[in-house]
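Contents: one structure, followed by commentary.
Residue numbers (the numbering used here): 1375 to 1733.
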């Protein structure tokens, strides 16, 4: 799928002249499809030509039909349509195409008089030579317009034309390595991968089992396996490749544990992962604003932690702190400070919205 934009500048009535009002732009949409990745290629195109080429001459009637055929000028816009097919047979490609320049508008000839052409040809491009040969015959199957009785510029196409082409590709093709020997013995199959199993437990620092922990194995070959522990904290993996592997365990309320170089080298390996309880956490979030509702990047001091934070440009903030009771002092330049007392629960969220008054 693609597009093509062209602009044609037809010559004027005098040689080597340029007529700006006769500039003719054309836009086409192109598409192609190779059927089942085989030898048959189908293509289609459609577009629109704002044909103003008739402005290049004063009166079309002063020109003969031969002159009009050579000039190819028109006083009407065109909707170009086309269908094509190519079939490859080795180095030979058979080509066929149907094209119709449908003229539209008040100055347009009848649709049947719009140029319609059917083409048939072939292209031969052998791989052993840089030369390529092409032969295409095109027949115009449309009716002839009555250009002798018409004051409009009407394009006239030849009834039959034959195009022969010869092309040469510059540059050498890829070198083909010579065939050495005639041994057709297939290569040996890859060595089978030795597999083992890994079982184990996820426990606390006091050897208490942790249920629903997620255990992951990452092998040196890039394989990742995942399991979940049972009520007794046990997990198991089957068909684990021998070698070094990274084993990790995660559980809610615990710091993730990891064995970075556990070597699996027996049929069944046993592993124990101990996780340390994570410190309890809570969250304070909110917005600092003026009395007009405008956000303020105020500073916040949390006691007894003695930590300082700054709200964002929009006044929003979010702080992670241990559970407890805190006094928070909010300050901003040009505004009266405020101190708030609040309590944060474990895994809880405490909302603090403050409006500051100007001094």
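We put the CB at the ideal spot given by N, CA and C, even for glycine.
For residue i, tell me which candidate among the options has the shortest Cα-Cα distance.
i: residue 1449; options: 1490, 1395, 1416, 1502; result: 1395
i: residue 1571; options: 1643, 1696, 1622; result: 1643
i: residue 1674; options: 1657, 1656, 1693, 1668; result: 1693
i: residue 1499; options: 1510, 1540, 1707; result: 1540
i: residue 1405; options: 1517, 1378, 1425; result: 1378
i: residue 1711; options: 1719, 1662, 1460, 1502; result: 1662
i: residue 1709; options: 1721, 1651, 1718, 1731; result: 1731
i: residue 1704; options: 1645, 1398, 1689; result: 1689
i: residue 1590; options: 1538, 1605, 1645; result: 1645
i: residue 1573; options: 1601, 1466, 1559; result: 1601
i: residue 1470; options: 1447, 1495, 1483, 1463; result: 1495
i: residue 1410; options: 1461, 1680, 1467; result: 1461
Give me, in chain order, the residues of the same chain whose beta-carbon lies closer than 6 Å to that of residue i; leave out the 5 immediate sequence neighbours on both sides.
i: residue 1607; result: 1575, 1576, 1577, 1583, 1584
i: residue 1647; result: 1576, 1623, 1631
i: residue 1533; result: 1514
i: residue 1417; result: 1406, 1458
i: residue 1759; result: For residue 1759 there is no data in the structure shown, the boundaries of the chain being 1375 and 1733.
i: residue 1587; result: 1576, 1603, 1623, 1625
Which residue or residues does DSSP assign as beta-bridge partners of residue i?
i: residue 1513; result: 1492, 1534
i: residue 1409; result: Beta-bridge pairing links residue 1409 to no other residue.
i: residue 1401; result: 1379, 1422
i: residue 1712; result: 1704
i: residue 1572; result: 1611, 1643
i: residue 1540; result: 1507
i: residue 1577; result: 1583, 1648
Apart from the five residues on each side of it in sequence, which residues of its chain come closer than 7 Å, Cβ to Cβ, to residue i?
i: residue 1677; result: 1700, 1701
i: residue 1733; result: 1708, 1709, 1710
i: residue 1698; result: 1718
Can you tell me where the beta strand (DSSP E) holding residue i begins and where it ends?
i: residue 1730; result: 1723–1730
i: residue 1456; result: 1451–1463
i: residue 1475; result: 1466–1478
i: residue 1591; result: 1588–1593
Report all residues from its chain with a CB closer than 8 Å to the CB of residue i; omit the five preceding and five following residues, and keep chain order.
i: residue 1476; result: 1452, 1453, 1454, 1455, 1485, 1488
i: residue 1563; result: none
i: residue 1664; result: 1670, 1709, 1729, 1730, 1732
Next on the checklist: Please give the ranges of any beta strand (DSSP E) in the region 1601–1628, keeping only runs that are unbroken, at least 3 residues long and fully inside the region.
Outcome noted: If we require 3 residues or more, the beta strand (DSSP E) runs fully inside the region 1601–1628 come out as 1608–1615, 1617–1624.
**Request:** Note down, one range per segment and in chain order, each beta strand (DSSP E) of at least 3 residues found wholly within the region 1630–1702.
**Result:** Qualifying beta strand (DSSP E) stretches, in chain order: 1631–1638, 1642–1651, 1656–1664, 1673–1677, 1681–1684, 1690–1695.
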